[in-house]
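Residue numbers (the working numbering), protein chains in the order written: chain C, 189 to 605; chain P, 161 to 379.
No residue lacks a Cβ here, since even glycine has one placed at the ideal position from N, Cα and C.
Each remark here refers to the structure printed beneath this line.
Written out as C-alpha cells, the structure is:
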C-alpha cells in the first residue's frame with residue numbers, strides 16, 4: 189500500500205515531496221502538539237485531519253488534541269469569533285469567566301503533553317488562554333489565527349490580545365488580517381487536501397445519483413454556495429442574487445451547510461434562510477452533517493458555478509475546493525477570497541448581490557469562458573493552495589523558529605534520507 | 161579536480177512587519193525605513209508564493225499602484241525596474257524611492273487608497289538546506305535539473321544574485337571558476353535567461369534546455 193506522501197506525489201510531483209522530506213529531516217522525532225476546539229466541521233479540523241498524519245509520516249511526532257466546554261463556553265467563543273471579525277459583541281463577565289475556567293480545566297487535562305511538547309500550535313481564540321496556565325513549558329508556542337481580524341471589535345481584541353502576546357510567534361492567513369504584536373507574525377494561507385473525500389475525483393454515476401437523491405435537475409444550471417449557515421456568509425444575499433439571475437436565465441440554487449459543533453448560532457440563521465427562500469422549488473437548502481464530505485464533493489462537481497458571497501471571510505476553503513474542481517467562483521471581495529479568486533482569471537470578486545448576479549449571467553451566457561476559467565482555476569490551486577504547500581510553510585516556520593531569527597538560515601546538516 | 165557543485169534547496173516563509181501605507185507618501189516614507197528584506201520579498205518573493213494578482217506587473221509595488229492606487233503610469237514605471245540591474249538592495253530601494261518621489265512631485269494631490277487596500281510591507285526568512293547532491297561534471301546536470309525543486313532553482317538562480325560577488329547565477333559562476341573558458345558558450349546562454357518575467361517552473365525548463373542544447377551540441 190502506498191504511503192500518504194507517495195499518494196500526494198501523484199498529484200503534485202516527486203520534486204515537491206522530496207522537498208518536504210528534506211525540510212523535515214532536521215525535525216525528526218520532534219514533539220508537536222496542535223490544539224483546537226473541534227474534531228469535525230469547519231476548516232481548521234479539516235486541515236488538521238491531514239496535516240497531522242503527514243507530519244507523522246515525515247518522522248515528526250505530531251499530535252492533535254481538542255479542548256471541550258459547555259454551551260456557555262461555545263456561546264462565548266462564538267461571540268469572540270464574531271467580535272474579532274468586526275461585530276460589536278458585548279460579552280458578559282460571566283461568559284468570560286466560563287471561557288477562562290474552561291481553559292483551565294482543559295489545561296489540567298492536557299498539562300503533561302503541553303509541557304513536554306517542543307512546539308505547541310494553538311488554533312484560534314478558543315484555546316488561547318492555555319499558555320497562561322503553562323508555567324513550566326519546554327517548547328515554543330505559536331498562535332494560529334484562521335479568521336479575519338483586520339477590523340476587530342476593539343474591547344474583545346484587547347481582551348484576547350492579553351493571552352496572545354506571550355506566544356513566541358503567531359500565524360495569520362493574510363497580511364491584511366494581522367494585528368500588531370511583539371513577536372514574529374508569520375503569514376501562511378490555508379489549503380485544501382486533494383486526496384480527501386471532499387476533493388477526490390468521483391465517478392459520474394455518483395454525481396448523478398446525488399442529484400437524483402436531492403431532486404436537483406440535471407439540465408438546468410446549478411449555482412452552489414457551500415458554507416455553514418452564518419450571517420457573514422450572506423446566504424440571504426445569495427438568494428437575492430439567484431432571484432436577479434432567474435429573471436433572465438433558468439437556474440437552480442443550492443445552499444448547502446454543515447454545522448460545526450462550536451457554532452450555536454447556525455440553527456437561527458438556517459431558519460431565517462428557509463423563511464426567505466419560501467417555497468421556490470429551484471432553491472435547494474441542504475442541511476448536511478459535518479461528515480458529508482463526499483456529498484459536498486458531488487455537489488460541487490455537479491455545479492456550474494460556485495458562489496461564496498461572504499461579507500467577511502478568513503479563508504473560504506469551499507472557494508478553493510470549487511476552483512480545484514474546475515469551476516469558476518464568484519466570491520465576495522473580502523478577506524482571504526482576494527487571495528483565492530484571481531479576478532477575471534478563475535472567477536470574479538463581487539461586492540453586492542447585483543454584482544454576483546451580473547457575473548453569473550455573463551458566465552452562463554459564455555460557456556467557453558466558463559470552461560477556460562475552470563481550467564485556470566484548477567491549475568491555480570495545484571500550484572498554490574494544496575496541503576503540500578501548507579505543510580512546507582509550516583516546516584519552514586518551525587525550522588526558522590528553532591534555528592534563528594536571521595533572514596537567511598543555512599542548515600549545515602546534510603539532509604540525506 | 162576543483163570544487164564540486166553542491167545542490168542546495170531553500171524554502172521561504174513570509175513575515176508581516178506591521179508597516180503599511182494608505183497613500184503614496186506613506187509608501188515612500190515607509191520604503192525609507194523598512195528592512196532590506198522587504199524589498200527583496202516584494203521584488204522576488206512572488207516567485208515562491210501564490211501569484212494571485214495582475215501577472216502583467218512584476219513586483220508588488222507596481223501591482224498596488226495599478227490595482228489600488230489606480231495609477232497606471234506609476235505602475236508601469238515601477239514594473240520596469242529590473243532588480244538585477246542594481247548592485248545591492250539599497251541601490252534598488254533608492255531607485256524605487258526616486259520613481260515614487262518623481263510621481264509625487266508631478267501629482268496635484270497625494271494618491272490614496274480606501275481602508276482595507278493598504279500596502280502591507282512583508283519580509284521573509286529563507287531556510288537553506290543541503291540536498292546532499294554533488295555535481296562533478298556539467299553533463300551530470302542533465303539528469304538533475306528536471307528533478308530539482310523550485311526552491312533549488314530559486315536558490316541557485318535568483319538568490320545567488322544577492323549572495324555572490326558576481327551577482328550572477330550559481331551555475332555560471334561554478335562553470336567559469338572550475339572550467340574557465342571551456343563552457344563559455346553555456347555560461348553565455350545561462351546568463352541570458354531573464355529570470356524576472358517568468359515562473360520558477362519556466363526557469364527550470366529554460367536552464368535545462370540551455371544545458372541540454374550545449375551538451376547535445378558537444379556530443
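message = Just to confirm my understanding: we take residue 246 of chain C, look at its own chain, exclude 5 residues before and 5 after, and list those with CB closer than 6 Å. What are they?
response = 212
key: Opening and closing residue of the alpha helix (DSSP H) in which residue 402 of chain C lies   = Careful: residue 402 of chain C lies outside any alpha helix (DSSP H) and carries neither H nor E.
message = Rounded to the nearest angstrom, what separates residue 375 of chain C and residue 358 of chain C at their Cα positions?
response = 9 Å
task = Following the continuous beta strand (DSSP E) through residue 224 of chain C, name the residue where it begins and the one where it ends.
result = 219-224
key: Local Cβ density within 10 Å of residue 313 of chain C, reported as buried at 16 or more and exposed below that   = buried
inquiry  = Tell me the DSSP secondary structure of residue 207 of chain C in three-state form.
reply    = helix
message = What would DSSP say about residue 324 of chain P, mapped onto helix, strand or coil?
response = coil
ask   = With distances taken from CA atoms, which of C:554, C:552, C:499 and C:516 is nearest residue 539 of chain C?
value = C:499
task = On a CA-only basis, which of P:313, P:264 and P:193 is nearest residue 364 of chain P? Give me that one, please.
result = P:313
ask   = By how many angstroms is the C-alpha of residue 316 of chain C removed from the C-alpha of residue 253 of chain P?
value = 39 Å
query = Straight-line CA distance for residue 359 of chain P to residue 218 of chain P?
reply = 11 Å
Three-state secondary structure assigned by DSSP to residue 174 of chain P = strand
query = Are any of the Cβ atoms in chain P nearer than 8 Å to that of residue 277 of chain C?
reply = no
heavy atom of the ligand ADP below 7 Å from residue 370 of chain P C-beta = The ligand content of the structure shown is nil, which means the ligand ADP is not present either.
For residue 374 of chain C, the three-state DSSP class (helix, strand or coil) = strand
ask   = chain P partners of residue 588 of chain C, CB-CB under 7 Å?
value = 173, 285 and 287
Inter-stretch contact at 8 Å, needing at least 3 Cβ pairs: the region 251-268 of chain P / the region 318-331 of chain P = no
key: Range covered by the beta strand (DSSP E) that runs through residue 345 of chain P   = Not the beta strand (DSSP E): residue 345 of chain P falls in the alpha helix (DSSP H), residues 344-351.
request  = Using beta-carbon positions only, say whether residue 515 of chain C and residue 493 of chain C come within less than 8 Å of one another.
outcome  = yes
key: Closest by C-alpha distance to residue 361 of chain P, when choosing among C:201, C:208 and C:285   = C:201
query = Applying a beta-carbon distance threshold of less than 7 Å, which residues of chain C neighbour residue 169 of chain P?
reply = 207 and 210
task = Please determine if the region 536-556 of chain C and the region 420-438 of chain C are in contact, where contact requires at least 3 C-beta pairs separated by less than 8 Å.
result = yes
ask   = Unbroken alpha helix (DSSP H) runs of length 4 or more, entirely within the region 273-302 of chain C: which are they?
value = none
inquiry  = For a contact defined as C-beta to C-beta under 8 Å, what are the partners of residue 597 of chain C on chain P?
reply    = 285, 286, 287 and 288
Within 8 Å of chain P by C-beta, residues of the region 368-392 of chain C in sequence order = 368, 372, 373, 374, 375, 376 and 377
query = Can you find a CB in chain C that lies within less than 8 Å of the CB of residue 282 of chain P?
reply = yes
query = Could you check where the alpha helix (DSSP H) with residue 263 of chain P kicks off and where it finishes?
reply = 249-266
ask   = Helix, strand or coil for residue 305 of chain C per DSSP?
value = coil
ask   = Within the 8 Å Cβ cut-off, does residue 203 of chain C reach chain P?
value = yes
query = What residues in its chain sit with their C-beta under 6 Å from that of residue 474 of chain C, if we drop five residues either side in the sequence?
reply = 444
ask   = In angstroms, rounded to a whole number, what distance separates the CA positions of residue 334 of chain C and residue 377 of chain C?
value = 9 Å
query = Given that residue 576 of chain C touches chain P, what residues does it touch there, using C-beta distances under 9 Å?
reply = Within 9 Å Cβ-Cβ: nothing; residue 576 of chain C doesn't reach chain P, min ~12 Å.
task = Check distances from the C-beta atoms of the region 317-338 of chain C to those of chain P and list, in chain order, the residues that come in under 9 Å.
result = 338
request  = Give the straight-line distance between the Cα atoms of residue 233 of chain P and residue 192 of chain P, rounded to the nearest whole angstrom.
outcome  = 22 Å
task = Measure the alpha-carbon distance for residue 350 of chain P versus residue 164 of chain P and round it to whole angstroms.
result = 19 Å
request  = Kindly identify the DSSP beta-bridge partner or partners of residue 539 of chain C.
outcome  = BP columns for residue 539 of chain C are empty, so no partner.
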